[in-house]
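Heads up, the thing below is written out as structure tokens.
Number of protein chains: 2
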Amino acid sequence: MARQNTVFKEAYNRYAAALRTDTALPSEPEIAAQLGVSRSTARAILTRLSEEGIIRWNKRQKTVLRQPTDRDLFPSEETDSLHDIIERSFMQRILADDAAPGMQINELELAREIGTGTTSVREFLIRFSRFGLIEKRPNSHWTLKGFTREFALELADVREMFELHSAAEFGRLPKGHQAWADLAAIRDDHHAMLADINQRFRDFSVLDERFHLLIHRASKNRFIADFYDAIAIVFHYHYQWNKTAARERNERAIHEHLDYIAALESGDQAAIEKACRAHLHSARQTLLQSLPQMASESG
Amino acid sequence: MARQNTVFKEAYNRYAAALRTDTALPSEPEIAAQLGVSRSTARAILTRLSEEGIIRWNKRQKTVLRQPTDRDLFPSEETDSLHDIIERSFMQRILADDAAPGMQINELELAREIGTGTTSVREFLIRFSRFGLIEKRPNSHWTLKGFTREFALELADVREMFELHSAAEFGRLPKGHQAWADLAAIRDDHHAMLADINQRFRDFSVLDERFHLLIHRASKNRFIADFYDAIAIVFHYHYQWNKTAARERNERAIHEHLDYIAALESGDQAAIEKACRAHLHSARQTLLQSLPQMASESG
DNA sequence: ATTTTGTTTTTTATCTACAATAAACATTTT
DNA sequence: AAAATGTTTATTGTAGATAAAAAACAAAAT
Numbered sequence: 202m203a204r205q206n207t208v209f210k211e212a213y214n215r216y217a218a219a220l221r222t223d224t225a226l227p228s229e230p231e232i233a234a235q236l237g238v239s240r241s242t243a244r245a246i247l248t249r250l251s252e253e254g255i256i257r258w259n260k261r262q263k264t265v266l267r268q269p270t271d272r273d274l275f276p277s278e279e280t281d282s283l284h285d286i287i288e289r290s291f292m293q294r295i296l297a298d299d300a301a302p303g304m305q306i307n308e309l310e311l312a313r314e315i316g317t318g319t320t321s322v323r324e325f326l327i328r329f330s331r332f333g334l335i336e337k338r339p340n341s342h343w344t345l346k347g348f349t350r351e352f353a354l355e356l357a358d359v360r361e362m363f364e365l366h367s368a369a370e371f372g373r374l375p376k377g378h379q380a381w382a383d384l385a386a387i388r389d390d391h392h393a394m395l396a397d398i399n400q401r402f403r404d405f406s407v408l409d410e411r412f413h414l415l416i417h418r419a420s421k422n423r424f425i426a427d428f429y430d431a432i433a434i435v436f437h438y439h440y441q442w443n444k445t446a447a448r449e450r451n452e453r454a455i456h457e458h459l460d461y462i463a464a465l466e467s468g469d470q471a472a473i474e475k476a477c478r479a480h481l482h483s484a485r486q487t488l489l490q491s492l493p494q495m496a497s498e499s500g
Numbered sequence: 202m203a204r205q206n207t208v209f210k211e212a213y214n215r216y217a218a219a220l221r222t223d224t225a226l227p228s229e230p231e232i233a234a235q236l237g238v239s240r241s242t243a244r245a246i247l248t249r250l251s252e253e254g255i256i257r258w259n260k261r262q263k264t265v266l267r268q269p270t271d272r273d274l275f276p277s278e279e280t281d282s283l284h285d286i287i288e289r290s291f292m293q294r295i296l297a298d299d300a301a302p303g304m305q306i307n308e309l310e311l312a313r314e315i316g317t318g319t320t321s322v323r324e325f326l327i328r329f330s331r332f333g334l335i336e337k338r339p340n341s342h343w344t345l346k347g348f349t350r351e352f353a354l355e356l357a358d359v360r361e362m363f364e365l366h367s368a369a370e371f372g373r374l375p376k377g378h379q380a381w382a383d384l385a386a387i388r389d390d391h392h393a394m395l396a397d398i399n400q401r402f403r404d405f406s407v408l409d410e411r412f413h414l415l416i417h418r419a420s421k422n423r424f425i426a427d428f429y430d431a432i433a434i435v436f437h438y439h440y441q442w443n444k445t446a447a448r449e450r451n452e453r454a455i456h457e458h459l460d461y462i463a464a465l466e467s468g469d470q471a472a473i474e475k476a477c478r479a480h481l482h483s484a485r486q487t488l489l490q491s492l493p494q495m496a497s498e499s500g
């Protein structure tokens with residue numbers, strides 16, 4: 202097959218789940234815009250909804266006849282994009298314990314195991330290479346560099362440079378800027394989580410990502426933004442398979458965040474730098490402690 | 202065709218050009234290592250050299266019969282890798298005056314113009330996207346973000362963060378480290394160029410790249426190294442098509458480099474930071490002045 | 001025993017083809 | 001006339017095939 206219609210299926214599920222009986226649906230371009238797909242795909246969704254008897258569709262008349270059930274939706278395996286499937290499968294492999302640094306990565310083998318063509322795997326690896334975890338030897342194989350202590354330290358160094366820069370920029374945003382409102386909302390979310398920390402400490406990583414993303418956006422620098430995207434993805438998988446998210450550690454991070462937020466709100470650059478450094482220092486420790494303890498390797 | 206044998210042709214040219222009549226050639230693995238290719242390719246080269254009557258080859262006996270002439274070599278169009286061809290062609294297009302920011306990039310059209318398949322173009326664009334000059338909308342086209350003032354400023358900001366870091370690290374290298382010898386050599390090259398500046402100011406960009414690369418290697422950080430690779434490529438093409446390399450500007454940069462080198466050699470961190478900042482500030486100005494003067498545009 | 005050469009297998013780089021999706025164009029409706 | 005729908009075209013995403021190049025294996029020579 203040339204291409205799976207996962208865009209259609211995923212959007213269909215999303216749209217069907219939001220339907221309410223007896224409501225009238227908007228125009229095709231509007232539906233397309235809501236779903237973030239082209240009108241062609243929106244029409245394909247309407248066509249299927251109509252065929253399934255979920256809506257009555259006649260030109261501009263689009264009425265919801267019945268509420269779709271779970272059986273009307275496509276199973277989740279069919280809605281994942283190939284890129285996501287490859288990413289998950291690949292991350293699982295390289296974060297697994299038996300994936301030793303220096304290991305060769307074979308495109309064809311990977312493709313076969315995932316059940317996909319080599320082109321997609323190649324393109325994924327090229328995109329993924331910017332995270333610094335793999336490296337290519339021209340005309341030859343990819344090499345796994347691995348989630349090592351060196352990687353963590355290099356990542357942390359750049360992260361600190363970027364975040365100090367972004368935090369300083371954040372402190373210079375004009376008082377009316379939307380970011381201040383967003384920051385206040387995140388501050389409140391921190392307080393809410395802290396109030397129920399025993400139940401909710403596992404949700405911290407999502408809040409953490411939201412907070413740092415907000416800070417980095419203040420820098421308006423594409424390289425910083427891209428780097429943070431990379432960090433977020435790597436951390437997402439890393440912490441998913443390395444459940445070292447101790448309650449105490451997250452609680453401490455929340456307090457650091459609150460200090461950091463207070464410093465930002467004060468507008469005092471020296472205070473911002475101090476709070477930012479304090480948090481980054483402990484984030485670095487957390488990252489290093491999450492690594493498997495091994496003898497330092499040459500390489 | 203599945204794949205051009207450009208690796209073979211390029212290596213053949215390289216090896217043939219270095220042959221001297223009546224000398225004996227080393228073993229196959231050694232030739233392969235010298236050329237940086239596999240033994241299969243090395244054997245293909247020996248086979249052709251033998252067929253062309255340039256060498257006599259019998260197992261371990263490999264004697265050069267005659268000096269290869271220019272007519273024995275493959276023409277340069279046949280030795281360029283597809284990646285290089287696409288890169289040159291693409292850079293030429295996006296740095297051309299009519300390439301307006303926001304322009305769509307069409308994979309198929311690009312492939313047709315370059316005379317190549319779409320896969321190679323796609324892979325090139327994916328790799329190239331990390332430079333921040335183009336951006337992809339999923340399931341849709343690439344967009345040219347362009348070599349704009351914003352791009353230059355964002356690049357300069359990150360460059361400054363990284364170089365301050367690397368310079369500080371450089372200053373901490375132990376006295377016996379190879380980098381100090383390399384630095385001394387580069388210092389002498391600066392003095393030599395300065396002595397004949399009227400003739401040689403055009404060669405400065407090569408020296409400049411060599412100098413900054415040496416500094417960045419001290420950081421031993423893959424993200425910093427990768428970023429500098431990106432900068433080097435972008436600048437390479439940018440300055441090639443924008444000949445703003447005024448003699449005065451390069452001369453001033455050489456003096457800044459010499460101050461910077463002296464500071465590094467002094468080991469005084471405050472002096473290093475000061476000299477580094479001074480040079481980076483003027484490098485930023487040079488970059489900004491090399492851009493077409495335009496009204497600041499909205500995003 | 002190690003290195004070199006000879007031979008075969010594996011893997012990558014690249015092309016072509018085609019379904020899904022987006023985008024453009026044409027017609028109809030308000 | 002502006003926006004919606006209907007229809008057609010262009011472009012992307014992915015699979016599969018194949019030559020080049022690398023790598024592995026086997027035999028021979030030092």
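First to last, the protein sequences are chains A and B.
If you read the first sequence in this note's numbering, its first letter stands for residue 202, the second for the next number, and so on.
If you read the second sequence in this note's numbering, its first letter stands for residue 202, the second for the next number, and so on.
For each residue, glycine too, the CB sits at the ideal point set by N, CA and C.
Under the rule that 16 or more other beta-carbon atoms within 10 Å means buried, what is residue i, buried or exposed?
| i | result |
| --- | --- |
| V407 (chain B) | exposed |
| R488 (chain A) | In the sequence under discussion, the amino acid at residue 488 (chain A) is Leu, which differs from the Arg named in the question. That one is buried. |
| P269 (chain A) | buried |
| H391 (chain B) | buried |
| T224 (chain B) | exposed |
| L384 (chain A) | buried |
| K260 (chain B) | exposed |
| W442 (chain B) | exposed |
| G372 (chain B) | buried |
| S277 (chain B) | exposed |
| M202 (chain B) | exposed |
| L309 (chain A) | exposed |
| E279 (chain B) | exposed |
| K210 (chain B) | buried |
| R360 (chain B) | buried |
By DSSP, does residue i sit in helix, in strand, or in coil?
| i | result |
| --- | --- |
| A431 (chain B) | helix |
| A225 (chain B) | strand |
| R295 (chain A) | For the record, residue 295 (chain A) in the displayed sequence is Ile; it is not Arg. Note: I295 (chain A) maps to helix in three-state DSSP. |
| G500 (chain B) | Below a pLDDT of 50, predicted positions are generally treated as unreliable, and G500 (chain B), at 31, falls in that range; the measurement from the model is reported next regardless. Three-state result, G500 (chain B): coil. |
| I416 (chain B) | helix |
| L470 (chain A) | For the record, residue 470 (chain A) in the displayed sequence is Gln; it is not Leu. In this structure, Q470 (chain A) counts as helix in the three-state DSSP scheme. |
| R257 (chain B) | strand |
| Q486 (chain A) | helix |
| L345 (chain A) | strand |
| Q262 (chain B) | strand |
| Q441 (chain A) | helix |
| K376 (chain B) | coil |
| Q268 (chain B) | coil |
| K337 (chain B) | strand |
Compare the Cα-Cα distances from residue i to each of the options and report the closest residue.
| i | options | result |
| --- | --- | --- |
| L311 (chain B) | B:R289, B:D298, B:F332 | B:R289 |
| I416 (chain A) | A:F329, A:E314, A:E370 | A:E370 |
| I398 (chain A) | A:R221, A:R453, A:A218 | A:R453 |
| N340 (chain B) | B:E355, B:P493, B:R323, B:F332 | B:R323 |
| R403 (chain B) | B:F325, B:A382, B:A212, B:I455 | B:I455 |
| E410 (chain B) | B:K421, B:Q400, B:A426, B:L326 | B:A426 |
| K337 (chain B) | B:N307, B:F352, B:T317 | B:N307 |
| N483 (chain A) | A:L354, A:K376, A:L250 | First, the amino acid is wrong: residue 483 (chain A) is Ser here, not Asn. Among A:L354, A:K376, A:L250, the Cα nearest to that of S483 (chain A) is on A:L354. |
| A491 (chain B) | B:A212, B:P227, B:L296 | In the sequence as displayed, the identity of residue 491 (chain B) is Ser instead of Ala. Of the candidates B:A212, B:P227, B:L296, the one whose C-alpha sits nearest the C-alpha of S491 (chain B) is B:L296. |
| L356 (chain B) | B:K210, B:L481, B:N206 | B:L481 |
| F348 (chain A) | A:T319, A:Y438, A:T280, A:G254 | A:Y438 |
| I315 (chain B) | B:I327, B:D389, B:Q293, B:R240 | B:Q293 |
| R401 (chain A) | A:N451, A:F428, A:A368, A:W381 | A:N451 |
For the region 397-428 of chain B, which residues have a CB atom closer than 9 Å to at least one CB atom of chain A, in sequence order? Near chain A, meaning a CB-to-CB distance below 9 Å, the residues of the region 397-428 of chain B are S420, K421, N422, R423, F424, I425, D427, F428.
Would you check if there are 3 or more beta carbon pairs closer than 8 Å linking the region 256-272 of chain A to the region 294-314 of chain A? In this structure the region 256-272 of chain A does not touch the region 294-314 of chain A; the number of beta carbon pairs closer than 8 Å is below three.
Using 8 Å as the Cβ pair cut-off and three pairs as the minimum, do the region 477-485 of chain A and the region 359-378 of chain A touch? With a cut-off of 8 Å, the region 359-378 of chain A and the region 477-485 of chain A count as touching, because enough Cβ pairs lie within range.
Are there three or more Cβ pairs, one per stretch, closer than 8 Å when the region 231-241 of chain A is compared with the region 202-217 of chain A? The region 231-241 of chain A vs the region 202-217 of chain A: in contact.
Short-range partners of chain A found in the region 332-348 of chain B, where Cβ spacing is below 7 Å: The region 332-348 of chain B vs chain A, Cβ under 7 Å: G333, N340.
Would you call the region 325-345 of chain B and the region 422-436 of chain B touching, i.e. three or more CB-CB distances under 8 Å? Touching, yes, given that three or more Cβ pairs across the two stretches are closer than 8 Å.
For the region 432-444 of chain A, list every residue whose C-beta sits within 7 Å of some C-beta in chain B, in sequence order. For the region 432-444 of chain A, which is checked against every Cβ of chain B, not one residue is closer than 7 Å.
For the region 349-366 of chain A, which residues have a CB atom closer than 9 Å to at least one CB atom of chain B, in sequence order? Correct list: E351, F352, L354, E355, L356, D358, V359, M362, F363, L365, H366.
Name the residues in the region 204-226 of chain A whose C-beta lies less than 9 Å from a C-beta of chain B; which are they? Listed in sequence order: V208.
The region 306-335 of chain A: which residues have C-beta closer than 9 Å to a C-beta of chain B, in chain order? Listed by position along the chain: T320, R323, E324, I327, R328, S330, R331, G333.
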